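**Q**
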Amino acid sequence: MKIPFSRPAIGEEEIAEVVDCLRSGWVTTGPRTAQFEKEFAAAVQAPHALAVTSATAGLHLTMLGLGLEPGDEVITTPMTWPATLNTIVLAGATPVLVDIEPETFNLDTRLVERAVTPRTRAIVPVHFAGQPCDMGALTASARAHGLRIVEDAAHALGAEHRGRPVGSLGDATVFSFHPIKNITTGEGGMITTADVALAERMQLLRFHGVERDAWKAYGRTQLPLYDVSTPGLKYNLTDLQSAIGIHQLRKLSALNAERARLTQRYDDAFRSLPALRPLGRVSYPHRHAHHLYVVRLQVEQLRIDRNAFMAAALEAGIGLGLHFTAAHELTYYRNRLGDLRSALPVATDASRRLFSLPLFPGLSDAEQDRVVDVLADTVRAHRR
Ligand SMILES: *Cc1c(COP(=O)(O)O)cnc(C)c1O
42 MKIPFSRPAI GEEEIAEVVD CLRSGWVTTG PRTAQFEKEF AAAVQAPHAL AVTSATAGLH
102 LTMLGLGLEP GDEVITTPMT WPATLNTIVL AGATPVLVDI EPETFNLDTR LVERAVTPRT
162 RAIVPVHFAG QPCDMGALTA SARAHGLRIV EDAAHALGAE HRGRPVGSLG DATVFSFHPI
222 KNITTGEGGM ITTADVALAE RMQLLRFHGV ERDAWKAYGR TQLPLYDVST PGLKYNLTDL
282 QSAIGIHQLR KLSALNAERA RLTQRYDDAF RSLPALRPLG RVSYPHRHAH HLYVVRLQVE
342 QLRIDRNAFM AAALEAGIGL GLHFTAAHEL TYYRNRLGDL RSALPVATDA SRRLFSLPLF
402 PGLSDAEQDR VVDVLADTVR AHRR
């Protein structure tokens, strides 16, 4: 019996809506995307929501929307997917890496101010695994230095920080609907912001830099005239994808509640397996989105390293994830930013001991018990 790392939770409602969309004659960006954006904005208490083809596209649009220039610096975390850094680079700026907290793998906010220079323009925190970063501390640093905050919330749909939803906190927040994330549209993403000028710039950049909405003109008598004042991209989400998203969003609390239940079961099981240390929790009031269940392998207790441990579990049919290889260990960033291993000791150490376990609504208790058994057996077989 193989157990996948993740499986999307698609129901009959999503399927019926996609069929209706196909039959409607309008499959690209249109009324269903407008509805998805409206309902998403309401769900995270944000004034504006822009649906995009991925979180990567959303991060790219946000960086371009902020008007970053060559030489500008953006403070971010090494413990993230490459998209967070790549989009900073693609917008012409330089990522400046700050180390993470050992217990949560979130950006260590105490180190942020030290990384600020006259060229710093923005901070891009990642709410790692779905647990919100200390936005109070980040907002204070941003205010003190005139910086913008762009949250990479790819893990954090449904999370809250001191009673306020992630998506209503920073200057802009970017979510992902990749199939492993808390909700999916196949591929897709959403940007939320309260900054109307930023929202308008990103809306323009999302569709070629062309002013008009194609679907609003559709079927009307007006001429299909257009103009471009700035070159844009093609990052609009289609109605076929929004058809899925509308129903996924309605299920978000139930899906996240099941993630929380499974997380609790892992926590209970690993109390008697100290070789696998789960992450800790932040101390301020919050709601965790439980996107990932990450453990820190106590490699000192074993005769094998993390990669060999993962290979043994995979061999036994358990799908594992790796979130993440620290960005400064990746070839491009090592070449561009230099050897940061001693400057980022926590992320460097985390990077060689972490891996992620299957965590998704639809994972049965029996499957989860098997994951725990395989990991416990692997520890026993390779203990020092
Ligand atoms: C998944 C992920 C992304 C990218 O999301 P896409 O929708 O696949 O582009 C960005 N940042 C983090 C932290 C992620 O986990």
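Each residue of the sequence shown is one higher than the one before, counting from 42 in the working numbering. C-beta: ideal position from N, C-alpha, C; glycine also. Here the structure is a predicted model, which means the values were calculated and not measured.
Just how far apart, CA to CA, sit Thr233 and Gly208?
**A** Distance between the alpha carbons of Thr233 and Gly208: 6 Å.
**Q** Check Lys222 in the structure and name its three-state DSSP category.
**A** The answer is coil: DSSP assigns Lys222 none of H, G, I, E or B.
**Q** Do you know offhand how far Leu278's Cα is from Ala417's?
**A** C-alpha separation (whole angstroms): 43 Å.
**Q** For ligand 1, is there any heavy atom lying closer than 6 Å to the beta carbon of Trp67?
**A** The answer is no for Trp67.
**Q** Is Thr97 helix, strand or coil by DSSP?
**A** Three-state result, Thr97: helix.
**Q** Can you name, in chain order, every residue of its own chain whose Cβ lies under 8 Å from the Cβ of His101, other than the five neighbours on each side?
**A** Closer than 8 Å at the Cβ level, and outside the excluded window around His101, lie Thr128, Leu131, Ala132, Leu274, Tyr276.
**Q** Give a yes or no on whether the C-beta atoms belonging to Ile116 and Ile164 are separated by under 7 Å.
**A** Yes, Cβ-Cβ distance for Ile116 and Ile164 is below 7 Å.
**Q** Report the start-end ranges of each alpha helix (DSSP H) in the region 270-317 that is 4 residues or longer and not cut off at the edges.
**A** DSSP runs (the alpha helix (DSSP H)) wholly in the region 270-317: 280-291, 293-311.
**Q** Between Glu110 and Ala134, what straight-line distance do the alpha-carbon atoms span, to the nearest angstrom?
**A** Straight-line Cα distance between these residues: approximately 6 Å.
**Q** Taking only the alpha-carbon atoms, compute the straight-line gap between Thr226 and Thr74 and give it to the nearest angstrom.
**A** Answer to the nearest angstrom: the Cα atoms are 11 Å apart.
**Q** What is the residue span of the beta strand (DSSP E) that Met120 lies within?
**A** Here Met120 belongs to no beta strand (DSSP E), and DSSP marks it neither H nor E.
**Q** Would you call the CB atoms of Arg347 and Arg393 closer than 7 Å?
**A** The answer is yes: Cβ separation under 7 Å.
**Q** If you run the structure through DSSP and keep just helix, strand and coil, what is Ser209?
**A** Of the three classes helix, strand and coil, the one that applies to Ser209 here is coil, per DSSP.
**Q** Taking contact to mean at least 3 C-beta pairs separated by less than 8 Å, is the region 307-314 in contact with the region 179-197?
**A** Because the criterion of three Cβ pairs below 8 Å is not met, the region 307-314 and the region 179-197 do not touch.
**Q** I'd like the list of long-range same chain contacts for Met42, defined as Cβ closer than 8 Å, with 5 residues on each side in sequence excluded.
**A** Cβ within range, chain order: Gly358, Glu408, Arg411.
**Q** Can Ala284 and Val59 be called in contact, C-beta distance under 7 Å?
**A** Yes, Cβ-Cβ distance for Ala284 and Val59 is below 7 Å.
**Q** State yes or no: is the C-beta of Gly360 within less than 7 Å of the C-beta of Met243?
**A** Against a cut-off of 7 Å, the Cβ pair of Met243 and Gly360 comes out as no contact.
**Q** Check whether the Cβ atoms of Ala384 and Ala367 lie closer than 7 Å to each other.
**A** No, Cβ-Cβ distance for Ala384 and Ala367 is not below 7 Å.
**Q** From the DSSP secondary-structure annotation, give me the bridge partner or partners of Ser217.
**A** Answer is Gly230, bridged to Ser217.
**Q** Rank Thr158, Ile44, Ser65 by C-alpha distance to the C-alpha of Leu281 and give the top, closest one.
**A** The shortest C-alpha separation from Leu281 is found at Ser65.
**Q** Would you kindly work out how many angstroms separate the C-alpha atoms of Leu290 and Arg205, rounded to a whole number?
**A** C-alpha separation (whole angstroms): 18 Å.
**Q** Buried or exposed, going by whether 16 or more other CB atoms sit within 10 Å of the CB of Arg162?
**A** It is buried - the Cβ of Arg162 has at least 16 other Cβ atoms within 10 Å.
**Q** Report the option in Thr97, Glu78, His186 whose CA atom is closest to the CA atom of Leu91.
**A** When only C-alpha atoms are compared, the closest one is Glu78.
**Q** Check the DSSP bridge columns for Glu201 and list the partner residues they point to.
**A** Pro206, Arg328.
**Q** Could you give the first and the last residue of the continuous beta strand (DSSP E) run that contains Ala163?
**A** 161-165 is the span of the beta strand (DSSP E), which, as asked, contains Ala163.
**Q** When you measure from the CB of Asp193 to every non-hydrogen atom of ligand 1, does any distance come out below 6 Å?
**A** Because some heavy atom of ligand 1 lies under 6 Å away, the Cβ of Asp193 counts as near it: yes.
**Q** Do Glu192 and Pro166 have their CB atoms nearer than 7 Å?
**A** Against a cut-off of 7 Å, the Cβ pair of Pro166 and Glu192 comes out as a contact.
**Q** What number of angstroms, rounded off, separates the C-alpha of Pro45 from the C-alpha of Arg151?
**A** The alpha-carbon atoms of Pro45 and Arg151 are separated by roughly 38 Å.
**Q** Note the first and the last residue of the continuous beta strand (DSSP E) segment covering Val336.
**A** Segment 334-338, the beta strand (DSSP E) holding Val336.
**Q** Using a threshold of 6 Å, is the CB atom of Gly362 nearer than that to any non-hydrogen atom of ligand 1?
**A** Flag unset: Cβ of Gly362 not near ligand 1.
**Q** Starting from Leu138, trace the beta strand (DSSP E) both ways and give me its first and last residue.
**A** Unbroken beta strand (DSSP E) run through Leu138: 135-138.
**Q** Hey, how far is the Cα of Lys222 from the Cα of Ile345?
**A** So the two alpha carbons sit approximately 30 Å from each other.
**Q** Under a Cβ-count criterion, where at least 16 other Cβ atoms within 10 Å of its own Cβ denotes burial, should Ala29 be classed as buried or exposed?
**A** Residue 29 is absent from the structure shown; the chain starts at 42 and stops at 425.
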